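For the sequence shown, our numbering gives the first residue as 342, with consecutive numbering after it. All residues carry an ideal CB built from backbone N, CA and C; glycine is no exception. Please read all numbers here as calculations on a predicted model, not as lab measurements.
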Amino acid sequence: MLVATTGLLEMRTPDVLFPNILPRVVGLLGIGRHALLCIQGDTLPRDRRIRVRASTGRFAKWKDVDVAELGEPNVAAALERLSPSSETIVEPGYCALRLRAHGGIIGMIYVEGHNNEGTAREWQLLELFRNKCSIAFENALLFEELNTAQKATVLAMGSLAEYKDNAAAGHLQRIERLVGDIARELRVHGRFADELDEELVEKVGLAALLHDVGMLSVSDETLGIPGELANNDMAAIQRHTVIGHRILSEAALPLRGRSLLSIAAEIARYHHERYDGSGYMEGLRGGAIPVSARIMAVADVFDALITDRQYRKAWGWSTPSPGSPSGRERTSTRWWSRRS
C-alpha cells in the first residue's frame with residue numbers, strides 16, 4: 342500500500358496522475374493488468390457520459406472515447422454500478438472503484454481479471470487505496486481548474502494589448518506555442534541548462550502572452566500614425582517594455598518563488614533587446630539578455646514574418662525574403678521602427 346500510494350499527491354495534473362494510478366492499482370493485489378480510468382461529468386453539466394482518460398493492457402488503445410462506444414457492455418455495466426453507496430466493488434472477473442471529486446466530476450477505475458470473490462482484506466486494501474486516490478484525483482482536478490482560470494486571465498490581459506496594437510489574428514496563440522516549443526527543444530538538447538530549468542520551461546509559453554501588456558499605455562493616436570514615427574512617438578512605444586515590467590513585477594510581489602508573473606515581467610522588460618546591443622531599453626548584449634526574452638524575441642519576429650501585414654504579404658517558410666532587395670529594405674525598416 343505504501344508503494345502504491347507514494348507520490349500520488351505530487352502528481353499535480355490529470356495528464357500525469359491518471360496514467361500513473363492504473364499500474365499502481367493493478368500491482369496492488371495482482372488483480373489483473375487490463376484497466377481503465379474514466380471520468381464522468383467533466384464536459385457538460387449533468388452529462389452522464391463516461392469517458393476514458395487513461396488505459397492499460399488490452400484497453401491501451403482507448404483514450405478520450407466514450408465507454409459506450411467501446412463495444413464492452415460488461416465494462417459499461419460495471420461502471421454504472423458504482424454509486425455513493427457502492428464505491429468499491431470486487432467481483433469475480435473485475436473490480437471497480439469510484440473516486441470522489443468536487444463539482445460533480447466522478448472518477449472511475451475498472452480493472453479486469455480478478456478471478457475470485459475477494460477477501461475482506463482485499464476489499465479493505467482497495468478501499469484504502471481508493472480513498473488515497475480520491476484525494477489525489479481531486480487535487481489534480483483543482484490544479485487543472487486553477488491552471489485553466491490562470492490561462493484564461495492571462496489570455497484576456499494579453500488580448501487587450503493585442504487588440505490595442507492591432508496585432509495579426511491568432512498572434513498570442515502562436516506566440517505561446519512557439520515560445521513553449523523553443524524552450525522545450527532547447528532543454529532537450531541541454532542548451533542554457535542553468536537558466537532553462539523545468540519550472541521555466543513549464544511556464545514560459547503562457548508568460549509570453551503578456552509580453553506586450555505595456556502597450557496599453559501607448560495612445561491610439563501614436564499607434565495609428567502611418568509611416569515612420571517621430572522621436573517622441575517612438576519613445577512612447579519603447580516605454581511599453583518598462584511599463585509592462587512594472588505592472589507585472591508589482592503583481593508578482595505577493596507570489597513566492599519564480600512565478601508566472603515574474604517570468605512575464607522579465608520577458609516584458611527585455612524582449613526588445615537585441616543580441617548585438619542595438620535593442621531597447623537598456624541596450625543589453627548577448628548573454629546579458631535573459632534567455633526567456635531571447636526566446637520571445639525570436640518567436641515574435643518569426644511570427645511577424647510569416648503573417649500578413651498591411652504593408653507586406655507574409656513571407657513563405659521556404660524563401661529567405663519576400664521579394665526584391667528594395668522590398669526587403671522597406672520591410673526591414675518598417676518592422677524595425679514599429680516593433681523592434
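Annotation for VAL393: the continuous beta strand (DSSP E) segment containing it runs 391-397. Taken through DSSP and simplified to helix, strand or coil, THR347 comes out as coil.
Cβ-Cβ separation between ARG389 and CYS379: approximately 12 Å, too far for a contact (criterion under 8 Å). Selection TYR611, ILE647, GLY412 evaluated against ALA634 yields TYR611 as nearest (Cα-Cα). Take the alpha-carbon of GLY521 and the one of ARG653: they are about 27 Å apart.
Taking every protein chain shown into account, the CB of TRP658 has fewer than 16 other CB atoms within 10 angstroms, so this residue is exposed. Counting of Cβ neighbours within 10 angstroms places LYS402 among the exposed residues, the total staying below 16.
ASP649 is not a Cβ neighbour of ARG515, given a cutoff of 8 Å. DSSP places THR489 in the helix class (H, G or I) of the three-state scheme.
With respect to the 8 Å criterion, VAL639 and ILE523 are classified as neighbours on the basis of their beta carbons. Non-local beta-carbon contacts of ILE584 in its own chain, meaning distances under 6 Å to residues more than five positions away in sequence, involve GLY555, SER558 in chain order. Boundaries for TYR616: no alpha helix (DSSP H) harbours it, and the DSSP string shows neither H nor E there.
The secondary-structure analysis by DSSP pairs SER427 across a beta bridge with SER424. A Cβ-Cβ contact shorter than 8 Å links VAL452 with TYR435. Under the 8 Å Cβ criterion, the segment 488-506 does not count as touching the segment 613-630, having fewer than three qualifying pairs. In the DSSP assignment, MET449 forms a beta bridge with CYS379, ARG439. With 16 or more neighbouring CB atoms inside 10 Å of its own CB, GLN381 falls in the buried class. Looking at GLY598, GLU539, HIS581, LEU440, the one whose alpha-carbon comes closest to that of LEU358 is LEU440. Taking every protein chain shown into account, the CB of SER603 has 16 or more other CB atoms within 10 angstroms, so this residue is buried.
Within the same chain, and ignoring the five residues on either side of ILE647 in sequence, the residues whose Cβ sits closer than 7 Å to its Cβ are ALA655, TRP656, TRP658. For HIS586, the closest C-alpha among the options ALA576, ILE608, SER600, ARG599 is that of ILE608. Of the other Cβ atoms in all chains shown, 16 or more fall within 10 Å of the Cβ of SER396; this residue is therefore buried. Judged by their CB atoms, LEU570 and ALA605 are not nearer to each other than the 8 Å cut-off. A distance below 8 Å between beta-carbons, with the five flanking residues on each side excluded, links ARG374 to the following residues of its chain, in chain order: VAL367, THR397, GLY398, GLY454. In this structure ALA497 is exposed. Its beta-carbon is surrounded by fewer than 16 other beta-carbon atoms within 10 angstroms. Assignment of ASP641 by DSSP, reduced to helix, strand and coil, places it in the helix class. Here GLU569 is not bridged, per DSSP, to any residue. Between the alpha carbons of THR582 and GLY598 lies a gap of roughly 22 Å. Contact check for ALA437 against LEU411 fails: the beta carbons are separated by 8 Å or more. For ARG653, the secondary structure class from DSSP, reduced to helix, strand or coil, is strand. One thing to note: PRO355 has its Cβ within 8 Å of the Cβ of LEU482.
Where ASP522 is concerned, the enclosing alpha helix (DSSP H) starts and stops at 512-529. Judged by DSSP secondary structure, LEU363 falls within the alpha helix (DSSP H) whose first and last residues are 355-370.
Counting only residues of its own chain and dropping the five nearest sequence neighbours on each side, GLU517 has a CB closer than 8 Å to the CB of GLY546, LEU547, ALA549, LEU550.
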